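Participant: At position 57 of the sequence shown (counting the first as 1) the number is 56 in numbering that gives the first Met the number 0, and the numbers step up by one without a gap.
Heads up, the beta-carbon is just placed ideally off N, CA and C, and yes, glycines get one too.
Bear in mind that the values here come from a model prediction, so they are computed numbers and not experimental data.
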Amino acid sequence: MLGSTFRGHCSSRAMTPRHVPSSKRSLNGCAGRLHDLGGSRGDNTLMADDARSGGERTPRRRRGGRGRKSADKGQAERGSSDGERFDPDGGGGLTAEEPAERGGGRSRDRRGRARGRGRGANDVAELGASSGIDAIEGSSGERQRTGGLQPGLTLKDLLPFLRPPKTLVVLGASTGSGHSRPASALAEAFKGVDRNLVVRQHDVLELLGKDHDAASVRALLEEVARSPALYGDSFETHDGSDGSDALAKLDQAMDSLFSKKLDQVVVDKRPDHVICTHWLPLRHLEALKEEGRFTANVTAVIPDPDICARWTSDVVANYLVAEDDLKARLQSEGIDPSNVTVTGTPVSPAFAEVLDRDAVMREAGLKLSAPTVLLRPDGIGDTERVVLVVKSMLEAAKALNLVVLAGKNQELNDALDGLDVPAGRVVKTYGFAQNIHELMGVSDLLVSRASPHTMAEAAAAGLPALMLRPSPGAEERMADRVERAGCGRKAYGERDLGFLLGELLGNPRYLRELRDGAEKRRRSDTAHVAVERITKIVK
0 MLGSTFRGHC SSRAMTPRHV PSSKRSLNGC AGRLHDLGGS RGDNTLMADD ARSGGERTPR
60 RRRGGRGRKS ADKGQAERGS SDGERFDPDG GGGLTAEEPA ERGGGRSRDR RGRARGRGRG
120 ANDVAELGAS SGIDAIEGSS GERQRTGGLQ PGLTLKDLLP FLRPPKTLVV LGASTGSGHS
180 RPASALAEAF KGVDRNLVVR QHDVLELLGK DHDAASVRAL LEEVARSPAL YGDSFETHDG
240 SDGSDALAKL DQAMDSLFSK KLDQVVVDKR PDHVICTHWL PLRHLEALKE EGRFTANVTA
300 VIPDPDICAR WTSDVVANYL VAEDDLKARL QSEGIDPSNV TVTGTPVSPA FAEVLDRDAV
360 MREAGLKLSA PTVLLRPDGI GDTERVVLVV KSMLEAAKAL NLVVLAGKNQ ELNDALDGLD
420 VPAGRVVKTY GFAQNIHELM GVSDLLVSRA SPHTMAEAAA AGLPALMLRP SPGAEERMAD
480 RVERAGCGRK AYGERDLGFL LGELLGNPRY LRELRDGAEK RRRSDTAHVA VERITKIVK
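1. So the candidates are 520, 521, 526 and 446; which of them puts its Cα closest to the Cα of residue 490?
2. For residue 400, which beta-bridge partners are listed by DSSP?
3. Does the segment 504-517 come close enough to the segment 474-487 to have 3 or more Cβ pairs within less than 8 Å?
4. Between 423, 259, 360 and 371, which has its C-alpha nearest residue 209's C-alpha?
5. Leaving out five residues before and five after residue 405 in sequence, what residues of the same chain have Cβ atoms less than 8 Å from its Cβ?
6. So what's residue 491 in DSSP terms, helix, strand or just coil?
7. Mapping the DSSP letters down to three states, classify residue 379 as helix, strand or coil.
8. Label residue 326 either buried or exposed according to how many other C-beta atoms from any shown protein chain fall within 10 Å of its C-beta, with 16 as the threshold for buried.
9. Could you pull the DSSP bridge partners for residue 202 from this structure?
10. I think residue 396 touches residue 504, with their Cβ atoms under 8 Å apart; what is that distance to the nearest whole Å?
11. Taking only three categories from DSSP, how would you classify residue 444?
12. Excluding the 5 residues flanking residue 204 on each side, which residues of the same chain have their C-beta closer than 7 Å to its C-beta?
13. For my contact list, residue 271 and residue 165 are in at a C-beta cut-off of 8 Å; report their separation, rounded to the angstrom.
14. Out of 206, 353 and 511, point me to the one whose CA is closest to residue 263's CA.
15. For residue 289, count neighbouring Cβ atoms within 10 angstroms of its own Cβ and tell me buried if that reaches 16, exposed if not.
16. For the alpha helix (DSSP H) containing residue 351, name the first residue and the last one.
17. To which residues does DSSP link residue 340 through a beta bridge?
18. Need the endpoints of the beta strand (DSSP E) that residue 308 sits in, please.
19. Between residue 391 and residue 512, which are expected to be in contact by the criterion C-beta below 8 Å, what is the C-beta distance as a whole number of angstroms?
20. Pick from 433, 387 and 336: whose alpha carbon is nearest that of residue 420?
21. What is the DSSP secondary structure of residue 153, reduced to helix, strand or coil?
22. CA-CA distance, residue 336 and residue 425?
23. Determine the DSSP secondary structure at residue 218, reduced to helix, strand or coil.
24. State the DSSP-derived secondary structure class of residue 533, mapped to helix, strand or coil.
25. Helix, strand or coil: which one does DSSP assign to residue 550?
26. What are the uninterrupted segments assigned as beta strand (DSSP E) that are 3 or more residues long and contained completely in the segment 475-530, given in chain order?
27. Assign residue 385 to one of three DSSP states: helix, strand, or coil.
28. Starting from residue 454 and walking both ways along the alpha helix (DSSP H), at which residues does that stretch end?
Take a look at the structure:
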């Protein structure tokens, strides 16, 4: 009896036509798990079957240990032409779960699936691929391939759904020097890369301790950004403070700067990776690592035009920098060059989109035949002074589109709305423009402070710039870079600005030279390049 049972099991295993190779079972298992994560079908029968069988298909053993019968006997046992079939488990009839398919229809198994197709075939087909499972055609039991895996779906496409998701935390800082916009650009770019990555963005100035408020720390950081001392020793070519007092004050506050809010983000939530676009939280992460509470890897994304000592930290494993010489600078500080990647400063992925210039200009109410100048008046002064600058700019050319980004300054908005604009000129005022990539894309010249991220956006749009009175520190170094690249000029006052603007608009060759320099420096895919590098590091 025991021998008969053993022979029957072996015979059934060897001869059953529903046995399929393990690679195909693996594909069906992937499809089942994908549907369990929210696929198009509502049932989870495939995953349940795989779970019971340990991921393999378990054939049903025939009674009496018999193998495959001849075609005639098999046809007689499976049932008559009305679709009824023989139940090998006994009973010889139909159960409530197995209604007869009249009219010559295909017989069904216990789960209501058509016979002759492997489990999961429907699942994979719905996802755009052939199952590649052998099927029985006719009563002879001959195997025929139903087709190979189509390009619409591969095993590589399914793997992200099978591995556990990883969490990334992006830490930025809402300072005037533009360290929050790179964080937003990275978070935006991650959305289209890997659905198995969970990305959370935080402003570190919202995670401060109870003894510190965001406004005071922000003002201190902006003062530090204007300090030559931030980037080390400088030549004594001017009198006055070099900003070292502001740096010392910030260093004194570092130990108590952050509270349990930051600990909850980087410790309690247990992220797999932390990305910093500002150096401010690095010292706190170092302390947490020394305590053994912080274990995540850290990538520093440096949007600054130079490297300050606060960026170099033992807690940072990888660096992303804007320029080649910054990589050399980090190497001189003892950083392994293999851990430094030149990606450019991350800007919104929208800058990489193809722009219909004429359509954008018509929608904005701008003249197609006139040059367009984009003004970002931060740093010029109060409303009255900005209005005077706008008036002088309107006198620089007989035909001009002037687009002004006033931001939160409602007083400036109202003043410009009531401005008497000369004939042939157009003035358009915006608060916070959500389509800054479009406004930069249709402009011929940018007038702005030389803040690092604004200049990075101009570079992404291939837009030359007149930079307003660069302050010492980050802006001055950024303006030097833009000028050396041949895509910008410095303007130190209203008269200087008026002269330079008139020269560029009155001599198209000069403006074209700046535009050619900006086009050579153009990098609109920086966020995608940075995200691609970070994704490789995380995986």
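Facilitator: Taking the definition as stated:
1. For this step, residue 490 is matched to residue 491 along the sequence shown. Out of 520, 521, 526 and 446, 446 has the C-alpha closest to the C-alpha of residue 490.
2. By 1-based counting over the sequence shown, the position of residue 400 is 401. According to DSSP, which records beta bridges pairwise, residue 400 is partnered with 371 and 425.
3. yes
4. For the purposes of this step, residue 209 is identified with residue 210 of the sequence shown, where counting begins at 1. Taking only the C-alpha atoms, the option nearest residue 209 is 259.
5. To locate residue 405, count along the sequence shown from 1; it is residue 406. Only 376, 411, 412, 415, 428, 429 and 430 meet the Cβ criterion.
6. The residue given as residue 491 occupies position 492 in the sequence shown. Here residue 491 sits in coil by DSSP.
7. What you label residue 379 is simply residue 380 of the sequence shown in a count that begins at 1. Three-state DSSP puts residue 379 in coil, outside helix and strand.
8. Here residue 326 refers to the residue found at position 327 of the sequence shown. Label assigned to residue 326: buried.
9. Numbered from 1 along the sequence shown, position 203 holds the residue referred to as residue 202. Paired residue(s): 171.
10. For this step, residue 396 is matched to residue 397 along the sequence shown. For this step, residue 504 is matched to residue 505 along the sequence shown. Going by Cβ atoms, the distance from residue 396 to residue 504 rounds to 4 Å, so yes, they are a contact pair.
11. Along the sequence shown, read from residue 1 onward, the residue named residue 444 stands at position 445. Reduced to three states, the DSSP call for residue 444 is strand.
12. Residue mapping note: residue 204 aligns to position 205 of the sequence shown, counting from 1. Counting only Cβ-Cβ distances below 7 Å, and skipping sequence neighbours, we find 172, 173, 213, 216 and 217.
13. Counted from its first residue, the sequence shown places residue 271 at position 272. Counted from its first residue, the sequence shown places residue 165 at position 166. Residue 271 to residue 165, Cβ: 4 Å. Contact.
14. By one-based count along the sequence shown, residue 263 stands at place 264. Nearest C-alpha to residue 263: 206.
15. Position 290 of the sequence shown, counting from 1, holds the residue named residue 289. So residue 289 ends up on the exposed side.
16. Counted from its first residue, the sequence shown places residue 351 at position 352. From DSSP, residue 351 is part of no alpha helix (DSSP H); its letter is neither H nor E.
17. Walking along the sequence shown from the start, residue 340 turns up at place 341. In DSSP, residue 340 forms a bridge with 319.
18. Taking the first residue of the sequence shown as 1, we reach residue 308 at position 309. Note, residue 308: premise wrong, no beta strand (DSSP E); not H, not E.
19. If you number the sequence shown from 1, residue 391 lands on position 392. If you number the sequence shown from 1, residue 512 lands on position 513. With 8 Å as the limit, residue 391 and residue 512 do not qualify as a contact, their Cβ atoms being about 24 Å apart.
20. Looking up residue 420 in the sequence shown gives position 421. For the residues 433, 387 and 336, the minimum Cα distance to residue 420 belongs to 387.
21. Along the sequence shown, one-based indexing puts residue 153 at 154. Correct three-state label for residue 153: coil.
22. On the sequence shown, residue 336 is found 337 positions in, with the first residue counted as 1. On the sequence shown, residue 425 is found 426 positions in, with the first residue counted as 1. Approximately 50 Å, taken between the alpha carbons.
23. Position 219 of the sequence shown, counted from the start, is the residue given in the question as residue 218. Helix, per DSSP.
24. Working through the sequence shown from its first residue, we reach residue 533 at position 534. Correct three-state label for residue 533: helix.
25. Residue 550 is absent from the structure shown; the chain starts at 0 and stops at 538.
26. 487-490
27. Taking the sequence shown and counting its residues from 1, the one referred to as residue 385 is at position 386. The answer is helix: DSSP assigns residue 385 an H, G or I state.
28. The residue you call residue 454 lines up with position 455 of the sequence shown. Here the alpha helix (DSSP H) through residue 454 covers 451-460.
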